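The sequence shown begins at 1 in full-length UniProt numbering and counts up by one.
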Amino acid sequence: MTDDDRTDEALRALAEPRRRAILRLVAHDELAAGEIAESFDVSRTAVSQHLTVLKNAGLLDERRDGTRRLYRARPDGLAGLRRFLDDMWASSLDTARRLVEAERGIGEDDTARGSA
């Protein structure tokens with residue numbers, strides 16, 4: 001699976017508000033599926049499906065403790081998405097800078113001299 005595939009999967013998983021809420025719940029605490037389900041007014045089956053989507057997207061880790069399944073956000077689960085957003089943000093800032101400089105008549109040589 002490529003970085004783009006992982007980013008696409010993470011974006012699809014996070015498009016659903018309940019999944020984002022689940023991710024916030026387990027961002028700092030490991031919780032059992034039942035504890036997560038108690039936070040929502042939907043069936044445990046629905047929460048289980050959301051957990052599966054988040055896990056398959058690489059956003060959650062699952063650990064068994066006896067009969068319980070415990071979930072925690074994966075620290076590196078959002079890394080690819082973060083890189084994608086950082087790259088997009090940096091590109092947008094660079095484009096904005098060039099537009100402002102073009103409007104003001106500032107060239108790259110002028111910018112280099114001004115920062116020296």
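For each residue, glycine too, the CB sits at the ideal point set by N, CA and C. Model, not experiment: these values are computed from the prediction.
- Item | C-alpha gap between residue 14 and residue 80, whole angstroms | Each residue's alpha carbon lies about 13 Å from the other.
- Task: Within the same chain, show all residues whose beta-carbon is closer than 6 Å to that of residue 70, passing over the 5 residues directly before and after it, in chain order.
- Result: Here residue 70 has 30, 32, 63 as same chain residues with Cβ atoms under 6 Å from its own Cβ, once five neighbours each way along the sequence are excluded.
- Query: Taking just the CA atoms, how far does residue 61 sit from residue 84?
  - Reply: Those two C-alpha atoms are separated by around 22 Å.
- Would you tell me roughly how many angstroms separate the C-alpha atoms of residue 20 and residue 76, rounded to the nearest one? In this model, residue 20 and residue 76 are separated by some 16 Å (Cα to Cα).
- Spatial neighbours of residue 7 within its chain, please: CB distance less than 6 Å, with the 5 preceding and 5 following residues excluded, ordered by chain position. 80, 81, 84, listed in sequence order.
- Query: With a Cβ-Cβ cutoff of 7 Å, do residue 119 and residue 18 count as a contact?
  - Reply: Residue 119 is absent from the structure shown; the chain starts at 1 and stops at 116.
- Query: When the Cα of residue 10 is compared with those of 52, 46, 99, which residue comes out closest?
  - Reply: Nearest of 52, 46, 99 to residue 10, Cα basis: 52.
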